[in-house]
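Peer 1: The numbers in the numbering used here rise by one with no breaks, and the one at position 482 of the sequence shown is 463.
Submitted below is the structure of interest, expressed as structure tokens.
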Amino acid sequence: MSTTPSSSSRQRESLDVSFERWKAKAGAVWDSLKEEVEKTTCRVFGISDVVQTREKDCDELATKLSWVTERILDKLPREGGNADVRASLDALSETASDVEKFLGKQSSKAEKYVAGTKRQETIARFIKKLDRLRLNLVEVRTTDLSVQFGQIQLQMAGMHAYDVPSDLPLLEIPPKPNVFYGRDELVASIVQLLLQDKPCRIPILGTGGMGKTSVAAAAINDAQVRAKYGRKIIFVSCEGVVSAEGIISALATALGIRHESNIRRAVFAYLASRGYTLLVLDNFETAAQSADSERVEQLLGHLAALLYLSLIITMRGSLPPAGVDWDELDILNRLSLDAARQIWNRIAPKEDAQLDQLLTMLDGLPLAITLMAHQGRLFTPSQLLSAYEKETTKLIKVGAGGRLKSLEVSIRVSLQSQVMLEAPDALELLSLLCLLPDGVPLGALQEMIPSLSHTLTAAISGLRQVALTFEESERLRVLSPIRDFMLAHHSPKEPTLGELRRYYVNLTVHNAANWEESSKEITARIFAEFINVTAVLTHFWGALPTERHNDEVLGGATLRVAEFSHLTSYGDCLLLLEKAKTASERRDEWLMAARCTQYMGDRLCRRSHYTEAARCLEEARARFEAIGNRLGAAQCTRSLGDVLNLQNHYEDAAVRFEEARATFEAIGYRLGTAKSTQSLGEVLYLQNHYEEAAVKIEEARAMFEAIGHRLGAA
């Protein structure tokens, strides 16, 4: 069970800090306004405590109530307050009172059960009311900022930014994420660094959608961090910023610095004079990977040199910008299945047996999990799993616009970064890697894609910098949602696609056919690359290529892989066989279509899907007979005998085995004759015909010995 605190308890900690700060500011002299502030805040504390102990369905309500209270406390000056602030306080006081009465009325589980939907509707109305109050506070703050800035400009004309009052409210920092699991240790490490006596330089790195901003928000909203830095936490989004000057401009806006002849000097003067200050530069990759990257790195170095400034950047990639002595912090990795399940359960009410499979397909990517969970409010995991397989990344959206609204947009931003533009083969390499679900050994890439050998190092470096790939178990990998997007929008192309296919075909044709005689090393290699082999071949058949010069080779590889899978009971070739069958039928390649259908029947039989297996085998036998392929037809007849035998239809099975044996004998296929004879002996034994069974088994053993088939003879 997770020990992660609820969002309401985390917001309560933050409110504690703000309340103590407000009391210290308010002083000893109390008036009616201050009494109302204290009364309302204490009431909110009480509601938060009740929710944490026995009202779990009100967690979001308590979180927003505490958030609004904290913002009002931050807005109240030492003396008095304007009409807008007083109106907000009155509205908060009324809402807190109503919530308190509501919770008091339904204290028992029975009362909650009886209330049912009405209770949820009431909670939703309270949340909507708090959302309106929150919006009003933002509008009030905007107006107040405008007035204060105007006064400062009039009164302090010609003065520098370091004369701005220390209690001037800055732009909003993001609240703690409401749905946040699986990052407790990482957040604790960041908090520990922020609480040091010396400044820190923290890079939060990872691929797009991995939750970098959420981790930063969780850390800077920690109660101890807020107590140390107070109002001197500056959060600046660098989204769309493509130069060093753009960063300075964004900082100046955040700090309220305007109309300075030297904005850069004013920004640095302000930051240098504030004591312990925390600056967060979010989405920093836009600037760091722009054409102005050198100056951006220089600016970052100057900021890092400020004596009391702690610095956090969130950035796509696996390497932070050069020029700064960064604190060591692990790159954001995939969430565990347990954390993914917690996110789902927090957002979506629907759960069924397919949930874990759906979450596994999302590959631990927090953004993809969160967006899919929002779809889970309307559909079951089984429905979404089916839709995901059909629509892939197109489904992972909850609306238009905004980086966090679409995984597709997030990936596009990484692809269009300056790093990728400066490594022209990186996109081509990525499209190839996206064909390989199991990733690829780094040492095999030169042999696999020889035409990229001269640019391979730069391409890999570029992909790792923007975190579109990552290294795991000495293999270069790509997260599955990114692979889905790339295959849909940037599919691999010749000639590198042909090189990749030849590499895996050679591995398959040369080794899989004689895997019994292969060395352990070669066999292990086939097992290690099996998923990639099937993926590459499945892509080939799904693309419906018009050129046919490689069809025979790729078709042979497909059948070898299917045979290997059948004999070793390893892997899943059904999708590959289905794709190959469909493509072959469209091009009137009936032998290949029959072979695929035959292997599908054999694999379905191994899985105990006897009805489907029999259907495929009957279809395949009819096709072999239609094209005059007696060997293929006899093999299907023998396999049909296996299906009947496994269903305990022994007499019918014996008829099939005898029919297959006669055909094999007629066409001179000795191995088929021996196997059919062996199967006849086994089915006779199951019918308690022991003497006849012994004769057939001995006959089959002699046949295997005669053709040198050691496993059959044994």
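No residue lacks a Cβ here, since even glycine has one placed at the ideal position from N, Cα and C.
(1) Report the rounded CA-to-CA distance for THR563 versus THR592, giving the unit in angstroms.
(2) With a 10 Å radius around its C-beta and 16 neighbouring C-beta atoms as the bar for buried, classify THR477 as buried or exposed.
(3) With contact counted as at least three CB pairs below 8 Å, one residue from each stretch, are the region 301 to 309 and the region 332 to 344 in contact?
(4) Please report the distance separating the alpha-carbon of TYR580 from that of VAL168.
(5) Opposite THR258 in the DSSP bridges: which residues?
(6) Count the other CB atoms within 10 Å of the CB of ASN626; is the residue buried (16 or more) or exposed (fewer)?
(7) DSSP state of MET573, grouped into three classes?
(8) Check whether the Cβ atoms of GLY420 and VAL459 lie closer than 9 Å to each other.
(9) Per DSSP, what kind of secondary structure is THR295 in: helix, strand or coil?
(10) Let me check one thing: in DSSP terms, what residues is PHE451 bridge-paired to?
(11) Would you call HIS520 buried or exposed, if buried means 16 or more other Cβ atoms sit within 10 Å of its Cβ?
(12) What would DSSP say about ILE185, mapped onto helix, strand or coil?
(13) Exposed or buried, PRO180, counting other C-beta atoms within 10 Å across all chains shown (16 or more means buried)?
(14) On the three-state DSSP scale, how would you describe VAL223?
(15) Any idea what DSSP makes of ILE215, helix, strand or coil?
(16) Taking Cβ positions, are CYS577 and GLU559 nearer each other than 9 Å?
(17) Mapping the DSSP letters down to three states, classify VAL421 as helix, strand or coil.
(18) If you draw a straight line from the C-alpha of ALA72 to the C-alpha of PHE26, how long is it?
(19) Kindly list the residues whose CB is nearer than 6 Å to the CB of ILE430, restricted to its own chain and excluding five residues on each side of it in sequence; keep chain order.
(20) Measuring CB atoms only, is the region 339 to 359 touching the region 311 to 325, in the sense that at least three cross pairs come out at less than 8 Å?
(21) Once the 5 residues before and after ARG445 are set aside, which same chain residues still bring their CB inside 6 Å of it?
(22) Leaving aside the five residues before and after ARG182 along the sequence, list all residues of the same chain whose C-beta is less than 7 Å from its C-beta, in chain order.
(23) Need the endpoints of the alpha helix (DSSP H) that GLN616 sits in, please.
(24) If contacts are defined as beta-carbon pairs under 8 Å, then SER660 and PHE645 qualify, I think. What distance do you get, rounded to the angstrom?
(25) Considering only C-alpha positions, which residue in the set THR450, ALA516 and GLU475 is nearest to ILE463?
(26) Please list, in chain order, all residues of the same chain as GLN668 whose beta carbon is under 6 Å from its beta carbon, the five residues on each side excluded.
(27) Would you decide whether CYS597 is buried or exposed? Buried here means 16 or more other CB atoms lie within 10 Å of its CB.
(28) Within the continuous alpha helix (DSSP H) that includes ASP333, where are the two ends?
(29) Using the C-alpha atoms, what's the distance from ILE512 back to TYR666?
(30) Pull up the distance between the alpha-carbon of LEU259 and that of LEU365, whole angstroms please.
(31) How many angstroms separate the CA atom of ASN159 from the CA atom of GLU41?
(32) Taking the straight line between their C-alpha atoms, what separation do you get for ILE238 and SER398?
(33) Rounded to whole angstroms, what is the Cα-Cα separation between ALA197 and HIS547?
(34) Closest to TRP571 by C-alpha separation, out of LYS331, GLU533 and LEU175, would be which residue?
(35) By the 10 Å Cβ neighbour count, where 16 or more other Cβ atoms means buried, how is ASN202 classified, buried or exposed?
(36) Judging by CA-CA distance, which residue of ARG393, LYS99, LEU359 and LEU343 is the nearest neighbour of TYR369?
Peer 2: Looking at the atomic coordinates:
(1) Looking up residue 563 in the sequence shown gives position 582. Looking up residue 592 in the sequence shown gives position 611. If you take the alpha carbons of THR563 and THR592, they lie about 21 Å apart.
(2) The residue given as residue 477 occupies position 496 in the sequence shown. With 16 or more Cβ atoms within 10 Å of its Cβ, THR477 is classed as buried.
(3) no
(4) Here residue 580 is taken as the residue at index 599 of the sequence shown, counted from 1. Here residue 168 is taken as the residue at index 187 of the sequence shown, counted from 1. Distance between the alpha carbons of TYR580 and VAL168: 52 Å.
(5) What you label residue 258 is simply residue 277 of the sequence shown in a count that begins at 1. DSSP output for THR258 lists LEU290 as bridge partner(s).
(6) Position 645 of the sequence shown holds residue 626. Buried: at least 16 other Cβ atoms inside 10 Å.
(7) Sequence index remark: in the sequence shown, residue 573 carries index 592 (1-based). Of the three classes helix, strand and coil, the one that applies to MET573 here is helix, per DSSP.
(8) Numbered from 1 along the sequence shown, position 439 holds the residue referred to as residue 420. Numbered from 1 along the sequence shown, position 478 holds the residue referred to as residue 459. Contact flag set, yes.
(9) If you number the sequence shown from 1, residue 295 lands on position 314. If DSSP states are grouped into helix, strand and coil, THR295 belongs with the strands.
(10) Position 470 of the sequence shown, counted from the start, is the residue given in the question as residue 451. Its beta-bridge partners are ARG458.
(11) As a first step, residue 520 must be located in the sequence shown, where it is residue number 539. With 16 or more other Cβ atoms within 10 Å, it is buried.
(12) Reading the sequence shown from its first residue, position 204 is the one you call residue 185. Reduced to three states, the DSSP call for ILE185 is strand.
(13) What you label residue 180 is simply residue 199 of the sequence shown in a count that begins at 1. The residue in question, PRO180, is buried, as its Cβ has 16 or more Cβ neighbours within 10 Å.
(14) As a first step, residue 223 must be located in the sequence shown, where it is residue number 242. Here VAL223 sits in coil by DSSP.
(15) Position 234 of the sequence shown, counted from the start, is the residue given in the question as residue 215. In this structure, ILE215 counts as strand in the three-state DSSP scheme.
(16) Position 596 of the sequence shown, counted from the start, is the residue given in the question as residue 577. Position 578 of the sequence shown, counted from the start, is the residue given in the question as residue 559. Yes, they are a contact pair.
(17) Position 440 of the sequence shown, counting from 1, holds the residue named residue 421. Three-state result, VAL421: strand.
(18) Counting from one through the sequence shown, the residue named residue 72 turns up at place 91. Counting from one through the sequence shown, the residue named residue 26 turns up at place 45. Looking at the two C-alpha atoms, the distance is approximately 17 Å.
(19) As a working mapping, residue 430 is identified with position 449 in the sequence shown. The residues are THR477 and GLU480.
(20) yes
(21) As a position in the sequence shown, residue 445 is number 464, starting the count at 1. Result list for ARG445: SER299, in chain order.
(22) Here residue 182 corresponds to residue number 201 of the sequence shown, with the count starting at 1. Counting only Cβ-Cβ distances below 7 Å, and skipping sequence neighbours, we find ALA285, LEU292, VAL305, ASP306, TRP307 and ASP308.
(23) Within the sequence shown, numbered from 1, the residue matching residue 616 stands at position 635. From DSSP, the alpha helix (DSSP H) with GLN616 extends over 611 to 627.
(24) Working through the sequence shown from its first residue, we reach residue 660 at position 679. Working through the sequence shown from its first residue, we reach residue 645 at position 664. Their Cβ separation, rounded to whole angstroms, is 11 Å, which puts SER660 and PHE645 out of contact at 8 Å.
(25) Position 482 of the sequence shown, counting from 1, holds the residue named residue 463. Considering only alpha carbons, the answer is THR450.
(26) By 1-based counting over the sequence shown, the position of residue 668 is 687. TYR631, listed in sequence order.
(27) As a position in the sequence shown, residue 597 is number 616, starting the count at 1. CYS597 should be labelled buried.
(28) For the purposes of this step, residue 333 is identified with residue 352 of the sequence shown, where counting begins at 1. Taken as a continuous stretch (DSSP letters only), ASP333 belongs to no alpha helix (DSSP H), as it is neither H nor E.
(29) Mapped onto the sequence shown, residue 666 falls at position 685. Mapped onto the sequence shown, residue 512 falls at position 531. So the two alpha carbons sit approximately 39 Å from each other.
(30) Here residue 259 corresponds to residue number 278 of the sequence shown, with the count starting at 1. Here residue 365 corresponds to residue number 384 of the sequence shown, with the count starting at 1. Taking the straight line from one Cα to the other gives about 42 Å.
(31) For the purposes of this step, residue 159 is taken as the residue at position 178 of the sequence shown. For the purposes of this step, residue 41 is taken as the residue at position 60 of the sequence shown. Taking the straight line from one Cα to the other gives about 8 Å.
(32) For the purposes of this step, residue 238 is taken as the residue at position 257 of the sequence shown. For the purposes of this step, residue 398 is taken as the residue at position 417 of the sequence shown. Looking at the two C-alpha atoms, the distance is approximately 30 Å.
(33) Here residue 197 is taken as the residue at index 216 of the sequence shown, counted from 1. Here residue 547 is taken as the residue at index 566 of the sequence shown, counted from 1. Computed Cα separation, rounded: 50 Å.
(34) Working through the sequence shown from its first residue, we reach residue 571 at position 590. Selected option, being the one with the closest Cα: GLU533.
(35) In the sequence shown, the residue the question calls residue 202 occupies position 221. Buried, since its Cβ has 16 or more Cβ neighbours within 10 Å.
(36) As a first step, residue 369 must be located in the sequence shown, where it is residue number 388. Minimum Cα distance to TYR369 is reached at LEU343.
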